[in-house]
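Residue numbers (the numbering used here): 526 to 829.
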Ligand SMILES: C[S@@+](CC[C@H](N)C(=O)[O-])C[C@H]1O[C@@H](n2cnc3c(N)ncnc32)[C@H](O)[C@@H]1O
């Protein structure tokens, strides 16, 4: 019986050469994506910035409504068709300013990619699935351990994910690139009696499938998680669920997994994903970097 650990866990992502959180405050954050620095909205940064000024290449100015719209304003030139960055020993991808205020990958997922690697450490023929896989950095990370099924509703994102894998020289890896609705695809896999060693899902609050299928997180998540559970068994290693931009606690995600994974061994944990800001060097000594929360998560692990 999978045990729910009640105490929340904090997964912290530190900066690396491709991504650094330089400062934050007054509802904004100042980040470096390799050689380029950007300012983006961050409602959770309610504190004051620490740096006198933010010398950025560009800033994303949000539109009027909460969820959408807005545009980039540039103070210095930034390559239109993007620039190459990397994570870990292998992963390579193109960063670029997208209309959705993102820069082509989600740096706060780095501790998740690491955690998945730790769950699969000794595996060479693992079967894993990356649902809502976007530009596929997580898929590259999983492909070291076996075959990966990458599922995303956006043809553009899947094409970019394939291009990123080519950039990383991973075209020979057994990756299935699928433009599919996550709920439909997972339900079909259940009907086919398929089995996976690990599944990661990072659903948006709201989304659309390739044929206009509507995804609303609060409505769709319980059914999707229970279908994912049916694709896992006693020998499977993990499921990792991240959720962001919703009024929900990680404890609720933990509670959902506790019910759905009741029939399997292992452990269920929940908590926050956060990014650590660069420490601030000051004459009177170094001030530790602040933690900026980015998402909540719940995870099931079943170590061998
Ligand atoms: C936040 S992104 C995921 C980021 C990804 N986990 C990463 O680390 O790069 C959410 C993704 O969900 C996809 N999406 C939205 N609705 C979907 C649906 N119904 N089925 C499959 N993918 C969907 C979007 O195209 C987008 O790429």
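Ideal Cβ placement from N, Cα and C applies to all residues, glycine included.
No experiment lies behind these values; they were computed from the predicted model shown.
Among residues of its own chain, excluding the 5 on either side of residue i, which ones have a beta-carbon nearer than 8 Å to its beta-carbon?
i           : result
residue 560 : 608
residue 545 : 556, 557 and 803
residue 829 : 647 and 762
residue 771 : 730, 742 and 743
residue 541 : 612 and 635
residue 811 : 804 and 805
Around the C-beta of residue i, are 16 or more other C-beta atoms found within 10 angstroms, so that it is buried, or is it exposed?
i           : result
residue 827 : buried
residue 652 : buried
residue 825 : buried
residue 530 : exposed
residue 664 : buried
residue 815 : buried
residue 782 : buried
residue 747 : exposed
residue 689 : buried
residue 552 : exposed
residue 632 : buried
residue 598 : exposed
residue 578 : exposed
residue 646 : exposed
residue 644 : buried
residue 762 : buried
residue 538 : buried
residue 767 : buried
residue 743 : exposed
residue 791 : buried
residue 697 : exposed
residue 625 : exposed
residue 691 : exposed
residue 528 : exposed
residue 714 : buried
residue 668 : buried
residue 576 : exposed
residue 722 : buried
residue 588 : exposed
residue 567 : buried
residue 779 : buried
residue 548 : buried
Under 8 Å by Cβ, that's how I've got residue i and residue j pegged, so tell me the actual separation to the nearest angstrom.
i           : j           : result
residue 585 : residue 562 : That pair is no contact at about 12 Å.
residue 618 : residue 662 : 5 Å
residue 787 : residue 526 : 6 Å
residue 707 : residue 749 : 7 Å
residue 648 : residue 670 : 5 Å
residue 724 : residue 764 : 5 Å
residue 628 : residue 543 : With 8 Å as the limit, residue 628 and residue 543 do not qualify as a contact, their Cβ atoms being about 10 Å apart.
Excluding sequence positions up to five away, which residues of its chain have a Cβ less than 7 Å from the Cβ of residue i?
i           : result
residue 813 : 804
residue 666 : 613, 616, 638, 641 and 642
residue 775 : 533, 795, 796, 797, 821, 822 and 823
residue 600 : 581, 582 and 583
residue 630 : 618, 620, 660 and 662
residue 745 : 708
residue 569 : 817 and 818
Here's a check: name, in chain order, each residue in its chain whose Cβ is nearer than 6 Å to the Cβ of residue i, leaving out the five neighbours to either side.
i           : result
residue 705 : 676
residue 687 : 702
residue 650 : 671
residue 572 : 550
residue 483 : As displayed, the chain neither begins before 526 nor continues past 829, which places residue 483 out of reach and without an answer.
residue 732 : 740
residue 574 : 548 and 550
Less than 6 Å separating the Cβ of residue i from some heavy atom of ligand 2?
i           : result
residue 632 : Of the ligands one can find in the structure shown, namely ligand 1, none is ligand 2.
Segment contact, 8 Å Cβ cut-off, at least three pairs: the region 746–757 with the region 629–643: no
Any 3 or more C-beta pairs closer than 8 Å across the region 654–663 and the region 721–738: yes
The region 738–747 / the region 788–804 touching (three or more Cβ pairs under 8 Å): no
The region 670–688 contacting the region 594–604, beta-carbon criterion three pairs below 8 Å: no
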